[in-house]
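The structure appears right after this line, and notes come after that.
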Amino acid sequence: ETERLPESRKLELNGYLTKPTTRLGRYPLLLEAVLKNTPCDHPDKVNIPKVINIIKEYLTNVNIESGKSENRFNLQQLNDQLISRGNVDLKLTEEGRQLVFKGSLKKPTRAGEPSDLQVFLFDHALLMVKTKTVNKAELYKIYRKPIPLELLSISTSEGQSETARANAKRPQSILHGMPGKGQAAARGNNNDYRKLAFGTDNGVYVLDIGQNQKSAVQALQIEKVSQIEILEDYRLLFILAGKDKSLYSYPIDALDPGDTNGASKRSKKISAHTSFFKSGTCRGKTLITVVKNSTLQSTIKTLEPLEQNVKNKIKGPTFKVFRGSSDVLKTYKEFCIPAELTSVHYLKKNLIVGCTKGFEVVNLETLKTQGLLHPEDISHEFVLKKENVKPIAIYRVGGGDFLLCYD
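Count along the sequence shown from 1, add 16, and you get the number used in this note's numbering.
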């Protein structure tokens with residue numbers, strides 16, 4: 017309203033508000049120019065530097081207070097824009113609260129197109145929201161409950177054949193400086209080198225840690241990579257990619273950006289419309305479990321690498337199985353479960369799957385399933401009787417005990 021008044025002469029109010037601080041910022045430059053032309057015997061030769069220091073100290077305080085005011089304004093504005101599904105109070109207007117960082121995040125979905133999220137990092141929690149427009153006003157709908165900083169961790173994949181799934185609900189790798197949207201990472205090592213392989217929206221990139229490489233180099237051109245697994249003993253690379261979520265196998269030599277051998281870049285399509293896959297060891301066998309979810313049931317196929325792949329490792333670093341047969345895997349077991357699967361975990365003799373019914377134990381010999389938690393055990397009622405509980409992962413914590421994680 018003030019800007020519409022004739023006295024404002026169509027000038028923005030913001031211009032008047034910033035004039036005092038911007039004008040004050042020019043004074044040190046002007047005084048330094050005056051100081052250069054001031055005679056050495058003049059009193060101003062001593063006084064001007066003192067004045068310059070006073071002004072600079074004042075400007076420092078102005079910047080600090082301006083930052084605090086901007087922080088309070090942003091927090092108040094964000095607090096007014098938040099739409100909470102439950103009783104979530106972030107206490108954004110508390111004294112001393114800070115907004116440390118904000119940015120956008122792409123979250124892959126099963127439909128193929130990534131979901132856009134806004135992420136806010138505060139001094140006490142991490143918040144993820146979705147932007148929503150209501151009556152031409154931009155609002156933020158809380159996507160997940162805020163994560164307290166005490167419970168937030170940043171990690172990279174550990175051990176051989178570890179996968180950072182893009183849709184997993186556990187601490188994920190944060191990658192910087194990648195020429196694409198990072199979605200999956202796998203680490204490889206042998207006696208000569210250690211490398212990191214990154215799956216992105218526009219291909220697979222490799223970073224040679226052993227050579228202190230500063231930036232990753234593209235090794236494979238393949239779109240929308242969501243998962244990577246490496247079986248070093250079999251010299252095999254598995255990639256889940258594409259809009260149709262297809263699973264491919266590659267010789268591990270395909271990760272060498274300098275490899276000019278075209279045969280090593282050839283891939284074998286294992287499966288299409290794959291929800292996710294997981295490698296591991298069960299009953300003394302190395303297995304790849306491929307999961308396809310549908311509305312009423314999930315199809316699970318366990319595959320076993322052919323032994324000839326191990327022999328090729330002994331012969332030398334060149335992968336040769338593609339010269340003869342193109343088969344690198346054989347089917348071990350295939351079965352269905354009348355529920356949507358969210359995770360797969362390997363035990364010594366059995367497979368555990370996380371699904372809408374909870375954690376189920378699968379006997380890979382008989383293919384019979386049973387619930388991991390005994391339904392008659394009253395100590396499990398807080399999980400079994402709770403609605404919309406989604407199993408996420410299982411961790412062995414020692415002493416024969418397991419930690420079961422739910423969403």
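C-beta atoms are modelled at their ideal positions from N, C-alpha and C, and glycine is treated no differently.
So, helix, strand or coil for residue i, using DSSP?
| i | result |
| --- | --- |
| G332 | Low confidence applies here, because G332 scores a pLDDT of 42, under 50, leaving its location unreliable and the question unanswered by this model. |
| P267 | strand |
| P187 | Here P187 scores only 35 on pLDDT, less than 50, and its place in the model should not be relied on; the value that follows carries that caveat. Three-state result, P187: coil. |
| T385 | strand |
| L33 | helix |
| N207 | Confidence in N207 is poor, its pLDDT being 40 and thus under 50, which makes the residue's placement unreliable; the coordinate value appears in the next sentence. Coil at N207, not helix or strand. |
| S169 | coil |
| D105 | coil |
| K148 | strand |
| L91 | helix |
| I238 | coil |
| A49 | helix |
| S85 | helix |
| Q243 | strand |
| T305 | strand |
| G414 | strand |
| Y43 | helix |
| H396 | helix |
| Q227 | coil |
| A141 | strand |
| V405 | coil |
| L75 | helix |
| I61 | Per the sequence shown, the amino acid found at residue 61 is Lys instead of Ile. In this structure, K61 counts as helix in the three-state DSSP scheme. |
| D260 | coil |
| I24 | For the sequence presented, residue 24 should be read as Ser rather than Ile. Note: S24 maps to helix in three-state DSSP. |
| K317 | strand |
| T38 | helix |
| T347 | strand |
| Q114 | coil |
| T358 | strand |
| N379 | strand |
| E178 | The predicted position of E178 is uncertain, since its pLDDT is 39 and thus under 50; a value taken from the coordinates is nonetheless stated next. Coil, per DSSP. |
So the candidates are the options; which of them puts its Cα closest to the Cα of residue i?
| i | options | result |
| --- | --- | --- |
| L167 | L143, T297, S242 and T147 | L143 |
| E248 | A355, F292, G370 and G296 | G296 |
| S131 | L137, L121, F138 and H140 | L121 |
| G374 | R42, K284, Q243 and P391 | P391 |
| L367 | P44, P354, Q386 and N69 | Q386 |
| A213 | L236, Q227 and N228 | L236 |
| K294 | S287, L303 and T76 | L303 |
| L263 | T305, E403 and I225 | T305 |
| D217 | Q234, G226, I225 and L223 | Q234 |
| Y250 | E403, G215, S242 and D269 | D269 |
| L40 | E73, S283 and V222 | E73 |
| L165 | D224, I158, F138 and N151 | F138 |
| F254 | I286, A232, Q227 and Y362 | I286 |
| K384 | E350, N228, L252 and K402 | E350 |
| E111 | N103, H140 and T76 | H140 |
| V104 | V145, L75 and I408 | V145 |
| N404 | H396, T372 and E245 | T372 |
| T437 | N63, K308, R412 and I71 | Residue 437 falls outside the range modelled here, since the chain spans only 17 to 423, and no answer is possible. |
| L46 | H289, N63 and I68 | I68 |
| R282 | Y266, S291, H289 and D272 | Y266 |
| V360 | K346, L345 and E376 | E376 |
| L94 | N77, R113 and E81 | R113 |
| P407 | S395, D393 and L389 | L389 |
| D224 | R25, Y43, E17 and L271 | L271 |
How would you label residue i, buried or exposed, when you count the other beta carbons within 10 angstroms and need 16 or more for buried?
| i | result |
| --- | --- |
| G414 | exposed |
| G370 | buried |
| T147 | exposed |
| K61 | exposed |
| L21 | exposed |
| A153 | exposed |
| N206 | Low local confidence applies: a pLDDT of 47 at N206 is under 50, so the model's placement there is unreliable, and no value is given. |
| H58 | exposed |
| V307 | buried |
| K211 | buried |
| E245 | buried |
Would you please state the rounded distance, in angstroms, between the beta carbons of residue i and residue j? I believe it to be under 8 Å.
| i | j | result |
| --- | --- | --- |
| C298 | L380 | 6 Å |
| A5 | K230 | Shown here, the chain extends from 17 to 423; a query on residue 5 therefore has no answer. |
| L133 | K118 | The pair is not a contact, with the Cβ atoms about 11 Å apart (cut-off 8 Å). |
| I238 | V220 | 6 Å |
| S242 | G274 | At roughly 26 Å, the Cβ-Cβ gap does not stay under 8 Å, so S242 and G274 are not in contact. |
| Y348 | L319 | 6 Å |
| I64 | T76 | With 8 Å as the limit, I64 and T76 do not qualify as a contact, their Cβ atoms being about 19 Å apart. |
| A288 | D260 | 5 Å |
| V344 | K284 | 6 Å |
* Asked: Hey, is the stretch 46 to 57 in contact with the stretch 20 to 30, meaning 3+ C-beta pairs nearer than 8 Å?
  -> no
* Asked: Is it true that the stretch 76 to 89 meets the stretch 97 to 106, where meeting means three or more beta-carbon pairs spaced less than 8 Å apart?
  -> no
* Validate contact between the stretch 347 to 362 and the stretch 306 to 316 using beta carbons, cut 8 Å, 3 pairs -> yes
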